[in-house]
Each structure stands twice: as structure tokens, then as C-alpha cells.
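Numbering (our numbering), first residue to last: 4 to 640.
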RNA sequence: GCCCAUGUAGCUCAGUCGGUAGAGCGCUUCCUUGGUAAGGAAGAGGUUCACCAGUUCGAUUCUGGUCAUGGGCUCCA
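Structural data, given as C-alpha cells:
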């Protein structure tokens, strides 16, 4: 008699030793069909394994995140089996689950996307056969014998600790070394797709074998796959590199790889972003400063960058002196601080700087506005007394939330603690980390902790935003710095008339303006809110005789603070409307004889709706309200 | 930096099994003066196909290199 305790504390009894599947079936057939694996004492195991003693178990179903991971890992096996059928010479290495699907690294001749169809066809056959995954435990010797033709697996097996049991999984004719667990049978892979292929090194080591990495994704449900494919296509359509060209915002040139060029319209958006930033920061008690782009090597030696960051820095020799272009704004900020003597009464000092920094990233890492070599940080350094850490960090969190929500961006927080390689004393780290924690707790939002992921000079809070497609991006960061105030011997006079060391934080909210711009383009799919969009209104005279009148209106609009153009081309109205729609101009204003005589406006918005006969005030009041209040894409009329 | 792919007019792309290149959009001019998503016609535009070498009688096409762009190079059987 075996007694199984289920998560709801009910107990099921079995005459004979049941498998996990039997237990699931005893709940219901339907439930059993949706079970993927089971958990015994927090250990994930296959559903097909027998449960030979009394214990508590819970089930992982197709609705659990873990269930999906198991499915994807099993999918990697299916893919590997299919590849082997087509390329019998291929040698398998590892096939893990990643954030967005799975991959398998395989030692084989390079193949291309064109070969995916054949692999997918094989995979379909395997899935249709509903092969079960059978687990078998073997000795190290047996394992080495089975995989003697595969040096990668042999390497893996030899590295396994003696204490761990070595398991194999067989589905159909295919056997792979694997810890498991797996889905009960291959038929559970209802929707899958191979996504991409790339080279990867065995053990991520450039000196080792070059492997082919095949990426795929899978779901329990074909609909979910279709949704995912749709999301990818939607993301492709929103690609900021394509939209940037189409909307004439920015461009990239070989002559300065990784250093974007902003066009007039791109600068309109850029300036709107910065105007907003300045307004909010002023309100939050920041001052704005500016430091040079190029500074003497001595400064970088003092700051520690020469030692820790040199390979990413651009350098130059001028008059026999070595200089470096700044990769960060902080050392310059140190010099600013040191231009005068501070009292505790002067703190906190919040000094913002929209600084242009250059970092020599790997050529292969560059990508549109997302990964560049020259960018502007919306930086700020806050100098304060130790007691002020909590309130200051809280202030930055609140300011960040204010700013992100203006764009309709959700976010979450992560706290990174002391890494192995770090400077400073235990007490300093403790004080700093607790300061951040205190602020986070007071802020009240849930946060993740990344142990050991902090910077070597201090702990940090990272802010990850979530865009309209659900993708997350790390933008904001709040970093406590226990190194620079020391290195530059920053001080302030305390109440006790003694010198004290200020605490310093670096923080950004947009992060990189360039990157944030790119994220916004994709987030809004090119359709910026009114306050942000480069051309807010376009005037369309319906014939040439009305062009001058249209220009008069344009001047009035510009006076009122609206970015505006007149389309005076000798094209049909239809045509001009179409072009304005395609350029995502939010206010399309037709000027005809009726409007001229009645001093009215007829406005078409991007949803295709037309309002005729608006008076100037009827138009300007709501439009200026939305611009001034920086609303999101709401209906204006 | 490394691997794979790509690089043809301002944009999107076709093409040449090696014989010095095309379309659509855009642009210019002319006609059209049109009331809410493409009016019509003509024309210009490539130092000749990213750049540099090599093979060849001849290279945009083949080979090698360089540069740029894209995907990946972190998730461990």
C-alpha cells in the first residue's frame, strides 16, 4: 500500500506501486493529459517513473513555467534526433532551454535556414509517433562506452561528479545523455518552429571547436506558437532601424560605425525628450552640469578606469600627453565637486549631466541604436551624507516611475549585491546595501535580488522597463559608489566641524538616450504621442492658390508652439493625405476655400476620422493641452 | 574580436551559368487645381554593382583580403 500526499493535503492510496501518471489519472484523465512532470521533495522527475514509497508529490502541468521549460528541453531532443536522421555524421553536444525557446549545439558542417524545412519535417514525424521518453540509469563506464564516438559527450561524462547518477533518455531510436526530466511523450509538442542558426564555440571558448547552434521554440498549444510568431513579425515591423529610415529620424554610416547620425526630425524627438527630462529634474531639485569629452590620462589613472576599463576607451596623444575620450561622466563630475568646499548643509547635491560618452564595443556587438559606441547618458551624480542614502534613492525611484509612466512603460526593479571581485570593507558594503534595501522596501514595489551582480565599486538597483510587446530592457540604474569619493578625496564639513567623506550615487533614467529613443520607436511602432512626434501637424492646401493662406496658418501654429509643415506639392489631396498618414503625422489639416472663408479648420487624425469646421480655438485648446501635458496617444477631438 | 549570412540608384529589391545593369517608390520638369490613403506624362540619377587585390582576353558575377550591416557568440548533459 502506497500513500501519496497531494498539495491540497489529500492522500491517495494505491495497492501497487504507481507511476506519476497513474497518480495523475487517479485525479482525472483530463488532468493527467496536462501533466508534464512531477515534483518529489522539490526534485523534478519524470511522470513515468514509479513512486515506490509514501511521499508527497505535486505535478508540473502544461500551464506552469517549469512545464514549458521541460517541453522545450524535450523539443531540443526531438530536434537533435531529426538532425541526426538527416546528418548522421553530426555530433551532439548540449541542448539547453533558454529564455525564449531552446537550442542545441551540434558539431556539423554549417547549414543554413534553407535546411530548416527538412529538419522540421523530420521533427513532425517524431512528434506524430508520440514516442515516449524512457529514462535509464547507467554507470560511468557504460555511458562512456555508449558515447565513445562523441568526444563532447565523453568530456561531459568525465566531468560528472561520481556522486551524481548518470541518466540516459531514449525516445524511439534516439538516445541522449540527459539529466531530464522530459515530457511523457513527443506528441506533447503541439507547436514548434526552428528560428535561427549561428555559430557557437564548444564551452563558449574561442579556442575550442566551432559548433552549429540551432535555435527553436515550442509550445503545448499551436495557438501560442502562432501568437509568438505574430509577436516576432510585429517586432520586425517595428524595428527601429527600419522605422528610423522610413520616418527620416536617424541614419548610420560606415565612416563612424556604432555612432548614430540624427536627422532634423530625429532631433525634434530628441529635444522633446530632453526638454521633458530637464523639466522633471529641475522639479526634483537637480542642477545641470557639463564636463569635457576628452580628459587627460592622469584623471583616468586616478579614477581607476585606466586599470579597469582601458580596452573600451578611445585614446589619443596630444602635445605628447595621453588623453582619453570619456566612457563615463563620473571622473569629470569629481573634478566639478572639488571646485569648492562643501558643508553638510549643501548636501544632497544632485548634479545632472547629459554627457556624451564613447565606448569601444566589439564590432560584432553593434546593433542600431540599441548597442552603439557613442551615446548620451542622462547621468546624475548625487553627493550626500550616509543618512541621506535612503531618501535620495527613494527620490530617484519615484522620479524614474514618473518619467517611465509618461511613456506608458511598466517596469520592475532588481537589486545587485556585492560581487566576488570588489573593493571596500564589509561594513561599507553592508551599510550601502542596506541603504538601497531600505529605500526599496519603503518604495514598496517588489524587487528581485541578484546576488553578487553588483559593480566592483558598490551595490546597485537596476530598473527594467517593459515595452508594448512585453519585451524588457534595462534602462535605469542607481549605483552606489564607494570608490570614487575615496580616490578623489571628496569631503564635506559636518556639524562637528570635521571633514567627512560624502556618499555618492550614479544614476541614469533613460540610460542611453540613443537606446531609449530606439526603444520608444519600437514601443510606439513609430507613432509617437503628440508631444514627442517630430511633425505634429501638416497643412494641406487643396490647391496652389491656397498655399499662401496655409503658410499663414502655419505661422500661427508655430507661434503657438506646434511643430508644423505645409505640403505645397501640386498633388491631389488624396495623395497628400496618404503621405501624411504614412508619415504618422497626428494632425492632418486640410485647407480649402470653405476653411479660408469661414476661418475654420478641418482636421484628420491618424485613426482616419475627420472633424470639419473647427474654429481656431476649438483646435488649439485641446491640441496645446495634450502637448503641454504630454499625454499618451489619446483621442484629441 | 570570433562564426555564419548579406552589401547592386536616396529607399525597397530584381539580375548577370564571367561579355561593363534593371524595376517600383522617391526626385526633377510639364500637364492636372483636385475635398480626405497613390491623377497623368516625360526626364535625370549607378565615378558600373561596398572597398582592395588576384585569376581571366574580359569580373558586378569566380578566389582571397578589408570594411560595414544583420543574427549569434550568457543561460551548461
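Built from N, CA and C at the ideal position, the CB exists for glycine as well.
*Evaluate residue 234 with the Cβ neighbour count: other Cβ atoms within 10 Å of its Cβ, from every protein chain shown; 16 or more gives buried, anything less gives exposed.*
Stepping through the first chain from its first residue, residue 234 is reached at position 231. That one is exposed.
*beta strand (DSSP E) segment containing residue 319, residue limits*: Reading the first chain from its first residue, position 316 is the one you call residue 319. Unbroken beta strand (DSSP E) run through residue 319: 318-321.
*Hey, residue 468 and residue 414: beta-carbon distance below 9 Å or not?*
Numbered from 1 along the first chain, position 465 holds the residue referred to as residue 468. Numbered from 1 along the first chain, position 411 holds the residue referred to as residue 414. Yes. Within cutoff.
*Using a Cβ-Cβ cut-off of 7 Å (strictly less than) and excluding sequence neighbours within five positions of residue 501, which residues of its own chain qualify?*
Start at 1 with the first residue of the first chain, and residue 501 comes out as number 498. No residues qualify anywhere along the chain.
*asked:* Using only CA atoms, which one of 551, 471 and 515 lies nearest to residue 527?
replied: Locating residue 527 in the first chain gives position 524, where the first residue counts as 1. That would be 471, whose Cα lies nearest to the Cα of residue 527.
*Please report the residue range of the beta strand (DSSP E) in which residue 511 lies.*
Within the first chain, the letter at position 508 stands for residue 511. 506-515 is the span of the beta strand (DSSP E), which, as asked, contains residue 511.
*Using 8 Å as the threshold, is the stretch 375-383 in touch with the stretch 247-265, meaning 3 or more CB pairs across them?*
yes
*Would you mind working out which of 76, 64 and 8 sits nearest residue 44, comparing C-alpha positions?*
As a first step, residue 44 is located in the first chain; it is residue number 41 there, counting from the start. The shortest Cα separation from residue 44 among 76, 64 and 8 belongs to 8.
*Return yes when the Cβ of residue 422 is within less than 9 Å of the Cβ of residue 456, no when it is not.*
Counting from 1 along the first chain, the entry for residue 456 is found at position 453. Counting from 1 along the first chain, the entry for residue 422 is found at position 419. It is a contact, given that the beta carbons lie within the stated cut-off.
*In whole angstroms, what is the alpha-carbon distance linking residue 609 and residue 626?*
Sequence index remark: in the first chain, residue 609 carries index 606 (1-based). Sequence index remark: in the first chain, residue 626 carries index 623 (1-based). So the two alpha carbons sit approximately 14 Å from each other.
*asked:* Please identify the residue among 525, 551, 273 and 580 whose C-alpha is closest to the C-alpha of residue 516.
replied: Numbered from its first residue, the first chain carries residue 516 at position 513. Out of 525, 551, 273 and 580, 273 has the C-alpha closest to the C-alpha of residue 516.
_Element boundaries [alpha helix (DSSP H), containing residue 623]_ = Here the question's residue 623 lines up with position 620 in the first chain. From DSSP, the alpha helix (DSSP H) with residue 623 extends over 619-631.
*Is DSSP giving residue 117 helix, strand or coil here?*
What you label residue 117 is simply residue 114 of the first chain in a count that begins at 1. In this structure, residue 117 counts as helix in the three-state DSSP scheme.
*Cβ contact (3+ pairs, closer than 8 Å) linking the stretch 196-203 and the stretch 169-176*: no
*For residue 615, name the three-state secondary structure that DSSP assigns.*
Your numbering for residue 615 matches position 612 in the first chain. Strand, per DSSP.
*Which one of 285, 508, 344 and 184 has the shortest CA to CA distance from residue 643?*
Outside the displayed range of the chain (4 to 640) lies residue 643, so it cannot be described from this structure.
*Where residue 155 and residue 96 are concerned, what is the direct C-alpha to C-alpha distance, given to the nearest angstrom?*
As a first step, residue 155 must be located in the first chain, where it is residue number 152. As a first step, residue 96 must be located in the first chain, where it is residue number 93. Rounded to whole angstroms, residue 155 to residue 96 spans 6 Å at the Cα level.
*Thinking C-beta only, is residue 576 closer than 9 Å to residue 617?*
Numbered from its first residue, the first chain carries residue 617 at position 614. Numbered from its first residue, the first chain carries residue 576 at position 573. No. Outside cutoff.
*Kindly indicate the opening and closing residues of the beta strand (DSSP E) around residue 148.*
Taking the first chain and counting its residues from 1, the one referred to as residue 148 is at position 145. Per DSSP, residue 148 belongs to no beta strand (DSSP E); it is in the alpha helix (DSSP H), 143-149.
*asked:* Does the contact criterion of 3 or more C-beta pairs under 8 Å hold for the stretch 593-612 versus the stretch 483-496?
replied: no
*asked:* I'd like to check one pair, residue 130 with residue 223: are the Cβ atoms closer than 9 Å?
replied: Your numbering for residue 223 matches position 220 in the first chain. Your numbering for residue 130 matches position 127 in the first chain. Against a cut-off of 9 Å, the Cβ pair of residue 130 and residue 223 comes out as no contact.
_Helix, strand or coil at residue 342 according to DSSP, with G and I counted as helix_ = Here the question's residue 342 lines up with position 339 in the first chain. Looking at residue 342 - three-state DSSP - the assignment turns out to be coil, as it is neither helix nor strand.
*Decide yes or no for the touch test of the stretch 314-329 against the stretch 339-348: beta carbon pairs closer than 8 Å, at least 3 of them.*
no
_For residue 64, report the span of its beta strand (DSSP E) as first-last._
As a first step, residue 64 must be located in the first chain, where it is residue number 61. 58-64 is the span of the beta strand (DSSP E), which, as asked, contains residue 64.
*asked:* I'd like to know whether the C-beta atoms of residue 511 and residue 479 end up nearer to each other than 9 Å.
replied: Your numbering for residue 511 matches position 508 in the first chain. Your numbering for residue 479 matches position 476 in the first chain. Result yes, Cβ atoms of residue 511 and residue 479 sit closer than 9 Å.
*If we count Cβ pairs, one from each stretch, closer than 8 Å, do we get three or more for the stretch 113-132 versus the stretch 72-85?*
yes
*Helix, strand or coil at residue 8 [DSSP, three-state]*: As a working mapping, residue 8 is identified with position 5 in the first chain. Note: residue 8 maps to strand in three-state DSSP.
*Please list, in chain order, all residues of the same chain as residue 178 whose beta carbon is under 6 Å from its beta carbon, the five residues on each side excluded.*
Numbered from 1 along the first chain, position 175 holds the residue referred to as residue 178. These residues qualify, in order along the chain: 171.
*So residue 218 and residue 106 are in contact, right, with Cβ under 8 Å, and what is the actual spacing, rounded?*
Here residue 218 corresponds to residue number 215 of the first chain, with the count starting at 1. Here residue 106 corresponds to residue number 103 of the first chain, with the count starting at 1. That pair is a contact at about 5 Å.
*Quick one: using the 10 Å Cβ neighbour count with 16 as the cut-off for buried, is residue 572 buried or exposed?*
As a first step, residue 572 must be located in the first chain, where it is residue number 569. Flag for residue 572 reads exposed.
_For residue 461: DSSP bridge partner residues_ = Along the first chain, one-based indexing puts residue 461 at 458. Beta-bridge pairing links residue 461 to 458.
_Runs of 3 residues minimum, wholly inside the stretch 491-576: which ones carry the beta strand (DSSP E) assignment?_
506-515, 540-544 and 567-569
*To the nearest angstrom, how far is it from the Cα of residue 586 to the Cα of residue 541?*
Residue mapping note: residue 586 aligns to position 583 of the first chain, counting from 1. Residue mapping note: residue 541 aligns to position 538 of the first chain, counting from 1. For residue 586 and residue 541, the distance between alpha carbons rounds to 10 Å.
_Suppose the cutoff is 7 Å on Cβ atoms and the five residues either side in sequence are ignored; what does the same chain contact list for residue 271 look like?_
Here the question's residue 271 lines up with position 268 in the first chain. So the qualifying residues of the chain are 537 and 566.
*Identify which residue in 115, 279 and 508 has its Cα closest to the Cα of residue 631.*
The residue given as residue 631 occupies position 628 in the first chain. Comparing Cα-Cα distances from residue 631 to each of 115, 279 and 508, the minimum goes to 279.
*Classify residue 405 as buried or exposed, calling it buried when 16 or more other Cβ atoms lie within 10 Å of its own Cβ.*
Locating residue 405 in the first chain gives position 402, where the first residue counts as 1. It counts as exposed.
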